[in-house]
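Participant: Residue numbers (this note's numbering): 976 to 1253.
Idealized CB from N, CA, C, for every residue including glycine.
Questions regarding the structure given below will be posed in turn.
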């Protein structure tokens, strides 16, 4: 019996040792990193970034620089560089305006370089970015103002006769789903992680004015819905087709959300897929 017990312990130890070794390798694996994932400068100027290892390897690592986009943007040709424990500072300049995505690939397979990339934007006219932001907010203001004439007219008449209830119901659903997507992508670390897993070098497709517009549009449309409930409407109502479509969308979203909550851990990017659907 004692011999059998010792054999059993040896077998257990034999099974555990490879697992412990694998965990040790994973915990000690170095990662190639960069000080910034986004660089922007005006044509004629330049910029730079630091490339480093975490944790250090205590030796020099050869790194190749490749471009998945804009391989002809930079002034200096893409080449190999050596990264020491102190890191590497890389100066960059461009021959023209444009966009590029650069990747730093480590020469050793035990160094993870999946997060070592940089997105570069070179501007011909720096003030165009500010002008673009101004026009973006002007677009938001113009669309936002457009909700109020109808709200005011309903209030002045104390009536919603002639207003399409189908349009209001579909509008509210659309703006709410738009807002849910924007809020999830902009604020949720879980959704952002799933997005970057699908698009490693991508940029989140949501800005603050998108969020403000969606929330404001939802609120303005909801006020109109309340007016439809309390003001004179005669025999107007939502059509059968619109009620069926709205019910299908909301019930489907609820069921899909429940399924995602229960079984989503077995899927790839479950909450991002849910927001895409809704």
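Among 1072, 1007, 1126, which one has its Cα closest to the Cα of residue 1206?
Facilitator: Working through the chain shown from its first residue, we reach residue 1206 at position 231. Of 1072, 1007, 1126, the residue nearest in Cα terms is 1126.
Participant: Rounded to the nearest angstrom, what separates residue 1070 and residue 1048 at their Cα positions?
Facilitator: To locate residue 1070, count along the chain shown from 1; it is residue 95. To locate residue 1048, count along the chain shown from 1; it is residue 73. Going by the C-alpha atoms only, they are around 6 Å apart.
Participant: Using the Cβ count rule (16 or more neighbours within 10 Å means buried), how would you classify residue 1091?
Facilitator: Position 116 of the chain shown, counting from 1, holds the residue named residue 1091. Counting Cβ neighbours within 10 Å, residue 1091 comes out buried, since at least 16 surround it.
Participant: How long is the line joining the alpha carbons of residue 1166 and residue 1148, rounded to whole angstroms?
Facilitator: Here residue 1166 is taken as the residue at index 191 of the chain shown, counted from 1. Here residue 1148 is taken as the residue at index 173 of the chain shown, counted from 1. Looking at the two C-alpha atoms, the distance is approximately 21 Å.
Participant: Measuring CB to CB, does residue 1036 end up less than 8 Å from residue 1077?
Facilitator: Here residue 1036 refers to the residue found at position 61 of the chain shown. Here residue 1077 refers to the residue found at position 102 of the chain shown. Contact flag unset, no.
Participant: So, for residue 1191: in the same chain, excluding its five sequence neighbours on each side, which residues have a beta-carbon less than 7 Å away from its beta-carbon?
Facilitator: Here residue 1191 corresponds to residue number 216 of the chain shown, with the count starting at 1. So the qualifying residues of the chain are 1119.
Participant: Let me make sure I understand the geometry here. Which of 1234, 1187, 1062, 1246 has the alpha-carbon closest to that of residue 1171?
Facilitator: On the chain shown, position 196 is the one that residue 1171 refers to. Per the Cα distances, 1246.
Participant: Alpha carbon to alpha carbon, how far is residue 1195 from residue 1244? Give it in angstroms, no decimals.
Facilitator: Within the chain shown, numbered from 1, the residue matching residue 1244 stands at position 269. Within the chain shown, numbered from 1, the residue matching residue 1195 stands at position 220. About 32 Å.
Participant: Name the DSSP beta bridge partners of residue 1248, please?
Facilitator: What you label residue 1248 is simply residue 273 of the chain shown in a count that begins at 1. Looking at the DSSP assignment, residue 1248 forms no beta bridge with any residue, so it has no partner.
Participant: Give the DSSP-derived three-state secondary structure of residue 1237 in the structure shown.
Facilitator: Indexing the chain shown from 1 puts residue 1237 at position 262. Three-state DSSP puts residue 1237 in a helix.
Participant: Report the residue from 1075, 1140, 1108, 1103 whose alpha carbon sits nearest the alpha carbon of residue 1096.
Facilitator: For the purposes of this step, residue 1096 is taken as the residue at position 121 of the chain shown. When only C-alpha atoms are compared, the closest one is 1075.
Participant: Can you name the start and end residues of the alpha helix (DSSP H) that residue 1121 belongs to?
Facilitator: Taking the chain shown and counting its residues from 1, one reaches residue 1121 at position 146. Residue 1121 -> no alpha helix (DSSP H), and no H or E assigned at all.
Participant: Which stretch, first to last residue, makes up the alpha helix (DSSP H) that contains residue 1192?
Facilitator: On the chain shown, residue 1192 is found 217 positions in, with the first residue counted as 1. Start and end: 1183-1205.
Participant: Reducing DSSP to helix, strand and coil, say where residue 1242 ends up.
Facilitator: Here residue 1242 is taken as the residue at index 267 of the chain shown, counted from 1. Here residue 1242 sits in coil by DSSP.
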